[in-house]
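Engineer: Here it is, the structure in full.
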Amino acid sequence: LARVEEALSAWVPADAPAGLGAAMRYAVLDGGKRLRPLLVLAACEAVQGHCEASVRAACAVELIHAYSLVHDDMPCMDNDVLRRGKPTVHVKYGEAQAMLAGDAMQALAFEVLTPDRGVEPALQARLVALLARAAGHDGMAGGQAIDLASIGHVLDESALRDMHRRKTGALLRASVLMGAACGPVGSHVWDALGHYGDAIGLAFQVVDDILDVTQASEKLGKTAGKDLDNNKPTYVSVLGLERARAHALELRAQAQAALARSGLADTSALAWLADKVVERDN
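If you count by the working numbering, then the sequence shown holds residues -12 to 269, one letter each, in order.
Structure (C-alpha cells):
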C-alpha cells in the first residue's frame, strides 16, 4: 500500500492546468481500498516477477478504476454525491472538470505503463493490452452500458453474471493477470490465476450488493441503498440476501481452489485478498 500511494502521488500531476490536477488528485488519492493494485502486486510476488513493472501496472489499474468512479457518479449515470466518504468529484469541482479529470486519468494510466526505460517494450505492450481490453467495450465500459440499460428490467442470474463479469470482474481479473504477466508464467499457471480472478471479481460484486442493503452510508463511504432506489437488478434482488451470502462463500472457495491448482509455491497474499473480498464490511 505504501509503495502504491507513493507512486500515485508522484505520477498524478498537481500542476495540470486550470485546476485539473487538483481534481485528478482528489479523485484518486486519499481514499479507497486499493484492492486492484494489491492484486497486481500479490500476483507478481507469487510468480516472482518484475517489481517496477508491477508497481506501474498497479497504479495504472487504480487510475482506470478511479476514472470509472468519477464518471459513474456523474448525473448522467448514477448521480451520486458521496464517494470514499467525501463529496464526489463533480459535486466538488463541477461536472465539466469531473469529466476531464476522468478522461485525463484514463490517459495517464497508459502513460504510466509505457515508460522510456525500466520495463521492456514487449511487457509494456502486454500490460497495455490486458488493461485496455478489461476497461473497454467487452469489459468495464460494456458492463456499465448494460447496467444503465437494465434499470427497471428483470434480469435472470445468467444475465446479471454477464453484466458484472464485465462491469466489475474484468478489471479485477486483469489486475491479477497483469501482475502475473510481470513474471515467467506458463499456460497452466496463467489459466489458474485467471480462474482465481474471475471468482473474486464476481465475489466482490456479490458482496457489494449485500453491503448496499445491510450497511449505512457512513460505513460504506458511499450512498447506501442506491441500487434499490434506482430499481437496478442486483444479486440480492435476484437471489435473495441469504442465497447471495452463500454464493459469495462459494466463489471464495472457487478462488482458493484455483490457487491450489496453480502449483505456485506461495500464494498466501492472493489467498488473503480473496478472504478480504468476502469478509469486508465496506
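Cβ coordinates follow ideal geometry from the N, Cα and C atoms, glycine included.
Examine chain C for any beta-carbon lying closer than 8 Å to the beta-carbon of MET127, and answer yes or no.
Structural biologist: No chain C is part of this structure, which consists of one protein chain only.
Engineer: Per DSSP, which residues does PRO283 bridge with? Please list them.
Structural biologist: Nothing can be reported for residue 283: it is not among the residues displayed for the chain, which extend from -12 to 269.
Engineer: Nearest-angstrom Cα distance between VAL115 and PHE97?
Structural biologist: Within the sequence shown, numbered from 1, the residue matching residue 115 stands at position 128. Within the sequence shown, numbered from 1, the residue matching residue 97 stands at position 110. Those two C-alpha atoms are separated by around 7 Å.
Engineer: State the DSSP-derived secondary structure class of ALA1, mapped to helix, strand or coil.
Structural biologist: The count along the sequence shown starts at 1 and reaches residue 1 at position 14. The answer is coil: DSSP assigns ALA1 none of H, G, I, E or B.
Engineer: What did DSSP end up calling HIS124 once you bin it into helix, strand or coil?
Structural biologist: Position 137 of the sequence shown holds residue 124. Coil at HIS124, not helix or strand.
Engineer: Taking only the alpha-carbon atoms, compute the straight-line gap between PHE191 and ALA3 and give it to the nearest angstrom.
Structural biologist: Working through the sequence shown from its first residue, we reach residue 191 at position 204. Working through the sequence shown from its first residue, we reach residue 3 at position 16. Looking at the two C-alpha atoms, the distance is approximately 34 Å.
Engineer: From the DSSP output, in three-state form, read off PRO108 for me.
Structural biologist: Sequence index remark: in the sequence shown, residue 108 carries index 121 (1-based). Helix.
Engineer: Compare the Cα-Cα distances from TYR222 to each of MET150, LEU158, PRO171 and report the closest residue.
Structural biologist: Stepping through the sequence shown from its first residue, residue 222 is reached at position 235. Comparing Cα-Cα distances from TYR222 to each of MET150, LEU158, PRO171, the minimum goes to MET150.
Engineer: Find out if the Cβ-Cβ distance for the pair MET61, LEU135 is shorter than 8 Å.
Structural biologist: As a working note, residue 61 is residue 74 in the sequence shown. As a working note, residue 135 is residue 148 in the sequence shown. It is not a contact, given that the beta carbons lie outside the stated cut-off.
Engineer: Less than 8 Å between the C-beta atoms of ALA121 and LEU69, yes or no?
Structural biologist: Mapped onto the sequence shown, residue 121 falls at position 134. Mapped onto the sequence shown, residue 69 falls at position 82. Contact: no.
Engineer: Is ALA24 near CYS38, with beta carbons less than 8 Å apart?
Structural biologist: Locating residue 24 in the sequence shown gives position 37, where the first residue counts as 1. Locating residue 38 in the sequence shown gives position 51, where the first residue counts as 1. Inspection of the sequence shows that residue 24 is occupied by Pro rather than by Ala. No, they are not a contact pair.
Engineer: So LEU118 and ILE51 are in contact, right, with Cβ under 8 Å, and what is the actual spacing, rounded?
Structural biologist: Within the sequence shown, residue 118 is the residue found at index 131, counting from 1. Within the sequence shown, residue 51 is the residue found at index 64, counting from 1. LEU118 to ILE51, Cβ: 6 Å. Contact.
Engineer: Could you tell me how far apart the beta carbons of ALA33 and ASP253 are, in whole angstroms, since I believe they sit closer than 8 Å?
Structural biologist: On the sequence shown, residue 33 is found 46 positions in, with the first residue counted as 1. On the sequence shown, residue 253 is found 266 positions in, with the first residue counted as 1. Between ASP253 and ALA33 the Cβ distance is about 6 Å, and since that is below 8 Å, they are a contact.
Engineer: Do ARG71 and GLY212 have their C-beta atoms closer together than 8 Å?
Structural biologist: In the sequence shown, the residue the question calls residue 71 occupies position 84. In the sequence shown, the residue the question calls residue 212 occupies position 225. In this structure, GLY212 does not lie closer than 8 Å to ARG71 by Cβ.
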